[in-house]
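Per numbering that gives the first Met the number 0, the very first residue in the sequence shown carries number 0; after that it's consecutive. A short worksheet on the structure shown next.
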Amino acid sequence: MLSIIFEGKIVILVPFFLYSSLFNTLWVTIIPTTLHYTNSLSDYIYITAYFSMSFAVGSLIICFFTTQLSETFEDFAMRPLMVFGSVAQLDTLCMDDSMIPSNSSIQPTDEPSLLIQPSIFPLLALASLFGVADAANKTTRTMICARLIPDLKHQVFGAARFYTSLAASTVFFASSQHVRLRRWTGCLIG
Numbered sequence: 000m001l002s003i004i005f006e007g008k009i010v011i012l013v014p015f016f017l018y019s020s021l022f023n024t025l026w027v028t029i030i031p032t033t034l035h036y037t038n039s040l041s042d043y044i045y046i047t048a049y050f051s052m053s054f055a056v057g058s059l060i061i062c063f064f065t066t067q068l069s070e071t072f073e074d075f076a077m078r079p080l081m082v083f084g085s086v087a088q089l090d091t092l093c094m095d096d097s098m099i100p101s102n103s104s105i106q107p108t109d110e111p112s113l114l115i116q117p118s119i120f121p122l123l124a125l126a127s128l129f130g131v132a133d134a135a136n137k138t139t140r141t142m143i144c145a146r147l148i149p150d151l152k153h154q155v156f157g158a159a160r161f162y163t164s165l166a167a168s169t170v171f172f173a174s175s176q177h178v179r180l181r182r183w184t185g186c187l188i189g
């Protein structure tokens, strides 16, 4: 297993695996924290559950379309889905930055957002878009791992999970109390 982690084909994809981990970490941990720390959303005690359900709806929608389009177009889950997922992630990060106050990732705040005031319906749309982007990203990652070294596809996927776990734990250990939302999304955008 150790040799597969340092395989040249896998090392080339390490930035993609790291990015996937940071995007996943954003919606799993940072966004739910910001929802609870944003005072304008304090009336919604089940906001995290609403976010999770909308995320699941977005994931199911993209999985349905991916299944249907993969039957029509050869290799749809590779390049076309990767491009679609990249656009969805960029839209998600921009919408996230424009809706959620930056300091809400580290402390309770009543500061205004940049463009869209946080409320339940735009937040549910954001959660669905996160689900679409995440499912597209994970499907593409799975396809890449399966095709990279076909005889060792399980080991390749394990190496990808190693790098994603390493990235998430390193970032949280080093900077979890100091990273504001806009810095996090800024790192992901560019």
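Beta carbons are placed, not taken as given, at the ideal position from N, Cα and C, and that holds for glycine. Since the structure is predicted, the reported quantities are computational estimates derived from the model, not experimental observations.
Identified DSSP bridge partners for residue i
i   : result
T37 : T108
8 Å contact criterion, which residue i and residue j should meet: CB distance rounded
i    : j    : result
S97  : R179 : Not quite, the Cβ-Cβ distance comes to about 15 Å (not below 8 Å), so this is no contact.
V131 : A87  : 5 Å
S58  : R140 : S58 to R140, Cβ: 14 Å. No contact.
F22  : D133 : 7 Å
F50  : I30  : 7 Å
A166 : L17  : 4 Å
L191 : T65  : Since the first residue of the chain shown is 0 and the last is 189, residue 191 is not available in this structure.
T138 : A76  : 5 Å
K8   : L151 : No, K8 and L151 are not in contact; Cβ-Cβ is about 10 Å, not under 8 Å.
R181 : S101 : 4 Å
I61  : A135 : 6 Å
Three-way DSSP call (helix, strand, coil) for residue i in this model
i    : result
D74  : coil
P100 : coil
I188 : helix
R160 : helix
R179 : coil
L114 : coil
T18  : Note that residue 18 is Tyr in the sequence shown, not Thr. Note: Y18 maps to helix in three-state DSSP.
D42  : coil
F54  : helix
F5   : coil
L125 : helix
I60  : helix
I148 : coil
Alpha-carbon to alpha-carbon, residue j and residue i
i    : j    : result
R78  : D42  : 42 Å
A145 : S85  : 20 Å
T32  : T71  : 40 Å
Y162 : Q67  : 31 Å
W26  : S112 : 18 Å
T184 : L92  : 6 Å
Q154 : T24  : 23 Å
L1   : Q116 : 48 Å
P107 : T47  : 16 Å
H35  : F83  : 30 Å
L123 : S39  : 15 Å
M52  : I119 : 13 Å
F171 : Y45  : 25 Å
M142 : C186 : 25 Å
I3   : F63  : 33 Å
F54  : I99  : 17 Å
G157 : S164 : 10 Å
V13  : P149 : 18 Å
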